[in-house]
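**Student:** Please find one structure pasted underneath; my questions will follow.
So this is what it looks like as structure tokens:
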């Protein structure tokens, strides 16, 4: 039976859950996720679990945060003067905004605190600091 190796293009169905059992993403009702194994297209902890799998195989993969989206980095949080945020933006906790770095790169941020004079924005990935579990099924392999 053919086993997945680095460089193969594979398709998987998956459900990703947090430690509390809540689902954060799933391919259910969608096309399977397609990627090249070992190419860095998906998080390292999931990518490294695919080699050796065979067509139709299912498995549960536990991915610690350091092999997923990394630990929360305090330096990725920034306070911004409230009057620097356009008045037409209705500020609320959890609101997703986009900032631009001095180099012109667009950076997604989340509003995590709203004060009288300042708003704290967090550029950490929403799943940073989280250990993740994936229930996966290998649905195709191509060299």
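In the working numbering, the protein residues as written are 797 to 939. Each residue gets a CB set at the ideal place from its N, CA and C atoms; glycine is no exception.
#1: With contact counted as at least three CB pairs below 8 angstroms, one residue from each stretch, are the region 924-935 and the region 861-872 in contact?
#2: Bridge partners for residue 858 per DSSP, in chain order?
#3: In whole angstroms, what is the alpha-carbon distance linking residue 827 and residue 877?
#4: What three-state label does DSSP hand residue 870 in the structure shown?
#5: Mapping the DSSP letters down to three states, classify residue 826 as helix, strand or coil.
#6: According to DSSP, is residue 841 helix, strand or coil?
#7: Which residues in the same chain have their Cβ closer than 7 angstroms to the Cβ of residue 821, if we skip the five residues on either side of it in sequence?
#8: So the candidates are 844, 872, 837; which of them puts its Cα closest to the Cα of residue 907?
#9: Is the number of C-beta pairs between the region 881-901 and the region 914-923 that are closer than 8 angstroms three or more?
**Tutor:** Answer, in terms of the structure:
#1: These segments touch.
#2: Its beta-bridge partners are 929.
#3: When rounded, the distance between both Cα atoms is 43 angstroms.
#4: Three-state result, residue 870: helix.
#5: Assignment of residue 826 by DSSP, reduced to helix, strand and coil, places it in the coil class.
#6: In the structure shown, residue 841 sits in a helix (DSSP, three-state: H, G or I).
#7: The beta carbon of residue 821 sits closer than 7 angstroms to those of 812, all from its chain and outside the five residues before and after it, given in chain order.
#8: The shortest C-alpha separation from residue 907 is found at 872.
#9: Three or more beta-carbon pairs drawn from the region 881-901 and the region 914-923 are found closer than 8 angstroms, and the two stretches are therefore classed as touching.
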